[in-house]
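Reading through the structure tokens given below for one structure.
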């Protein structure tokens, strides 16, 4: 069943068209006048590496040639090129630099988006970029950004309803844009509507597993993670920070963030739960507990917006350890999802990599694509050992396996014990229980604000002790 929002005549926002339109309201079919037409104007901005944009010579104080977007054809070409070079990041930059939302109507933006890329998934991602750009408006224009974001959500229900539908990221971005606006009755009602729609979407996509999880959580008395997970807990989970809205833990290597399908090895029965509180897990079956499962079984409240895994707003590979932030409330889940989408979250990793060759540059950037998608990482050498390098890496994009691919393929130095990205036919294929030397060491979320550091695991010392530190060459 398709979800339809209840609209009133006062709250219905037209899509920048000069023609009147009709909509269903609580009082029947209503004819609505056209929305105020935004005056056509062009915005001149210094060239910023975007191609296929119509250029004009203008006289400026800097003497540089400026780039001007004037027609929908220019916009279509610009979207196509921005998506090709940077995907959602490229479209976000395009929207910010040219203030697309103010220069073109919603209708023009959507028609240009549809004409620029061929697939539904690409259109959905670009639409999310347009909505995400509404969160960049300065404090004195936040109401304008909220209006544009809500306009785009309305466009989903009108112009795009037979093509694509809003996903969780879409609704989280709209909610965050409305959060930045002045707290009027209109904005409050709009925020509640969008958040309720996100809950409905999670219920629809999550199915029986999601509903059972929510019901079980309501029956339990909630607890604080700091009271449950002490330093010697059998899960190996370390609590770094906790508030009413979010929880930050250091996930141990070898633990999955969540299980897509709950199997016998992924469930925690009463008898096993009792044993785990008395002693550390000793069998493979007992240790195969996902982070989400461990938290929920100990009555830690988690948000309900993620249909696959409650509270999860980002992931770490099973073999990777370190900082993970989880949302305890739906409101915080929407905010954190927005922060990750807009690349405002700063993450750094420590890695022990096999010195299969000499690394000439001790600092630098890695730009090779990850599974054909643009990716960017920065690295620096912390310590050099015989046969090993200790690296610190910062990721500017969030691709799956980005650090592992950039170390192995970009630098030619695979992460220690990571057998997926080594050129060795005898390497084990099943890495379900592998612990590799990759650790999410710091996590910074300026929009909350939060800044957390997690020390490297103790078991790394055993790996390091097998190698001698290299002495620095004297000049």
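Residue numbers (the working numbering): 1 to 475. Where is the CB? At the ideal position from N, CA and C, for every residue including glycine. From a predicted model like this one, the values you see are computed outputs, not experimental measurements.
Spatial distance of residue i from residue j (CA atoms)
i, j, result
"residue 190", "residue 334", "14 Å"
"residue 73", "residue 444", "40 Å"
"residue 53", "residue 105", "Bear in mind that a pLDDT of 31 at residue 53, under 50, signals an unreliable position, so the number given afterwards is only what the model happens to contain. Straight-line Cα distance between these residues: approximately 18 Å."
"residue 468", "residue 355", "13 Å"
"residue 390", "residue 323", "18 Å"
"residue 235", "residue 228", "11 Å"
"residue 219", "residue 331", "22 Å"
"residue 85", "residue 341", "17 Å"
"residue 370", "residue 414", "15 Å"
"residue 79", "residue 132", "15 Å"
"residue 366", "residue 373", "13 Å"
"residue 294", "residue 288", "10 Å"
"residue 253", "residue 207", "30 Å"
"residue 368", "residue 182", "42 Å"
"residue 392", "residue 357", "18 Å"
"residue 484", "residue 238", "As shown, the chain starts at 1 and ends at 475. That puts residue 484 outside it, with no answer to give."
"residue 382", "residue 360", "14 Å"
"residue 459", "residue 315", "22 Å"
"residue 251", "residue 363", "28 Å"
"residue 93", "residue 400", "22 Å"
"residue 159", "residue 232", "55 Å"
"residue 247", "residue 442", "15 Å"
"residue 255", "residue 71", "52 Å"
"residue 417", "residue 463", "10 Å"
"residue 317", "residue 157", "36 Å"
"residue 162", "residue 186", "28 Å"
"residue 245", "residue 466", "43 Å"
"residue 265", "residue 437", "Low local confidence applies: a pLDDT of 48 at residue 265 is under 50, so the model's placement there is unreliable, with the coordinate-based value given in what follows. Going by the C-alpha atoms only, they are around 25 Å apart."
"residue 110", "residue 205", "26 Å"
Where residue i falls: helix, strand or coil (DSSP)
i, result
"residue 326", "strand"
"residue 175", "helix"
"residue 224", "coil"
"residue 116", "helix"
"residue 371", "coil"
"residue 187", "helix"
"residue 400", "coil"
"residue 434", "coil"
"residue 169", "helix"
"residue 217", "helix"
"residue 249", "strand"
"residue 315", "coil"
"residue 450", "strand"
"residue 356", "coil"
"residue 350", "strand"
"residue 467", "coil"
"residue 239", "strand"
"residue 422", "coil"
"residue 105", "coil"
"residue 137", "coil"
"residue 457", "coil"
Which residues DSSP lists as bridging residue i, in chain order
i, result
"residue 380", "363, 392"
"residue 443", "347, 452"
"residue 321", "439"
"residue 415", "353"
Sub-8 Å separation of residue i and residue j beta-carbons
i, j, result
"residue 403", "residue 397", "no"
"residue 75", "residue 108", "yes"
"residue 439", "residue 349", "yes"
"residue 203", "residue 211", "yes"
"residue 313", "residue 337", "yes"
"residue 290", "residue 257", "yes"
"residue 353", "residue 388", "yes"
"residue 223", "residue 297", "no"
"residue 311", "residue 321", "no"
"residue 101", "residue 135", "no"
"residue 407", "residue 351", "yes"
"residue 201", "residue 171", "yes"
"residue 83", "residue 112", "no"
"residue 240", "residue 456", "no"
"residue 141", "residue 343", "no"
"residue 308", "residue 260", "yes"
"residue 152", "residue 103", "no"
"residue 305", "residue 198", "yes"
"residue 434", "residue 319", "yes"
Worksheet item: Does the pairing of the region 135-151 with the region 176-191 give three or more beta-carbon distances under 8 Å?
Response: Touching, per the Cβ criterion.
Worksheet item: So does the region 158-168 actually touch the region 117-130, counting three or more Cβ pairs closer than 8 Å?
Response: yes
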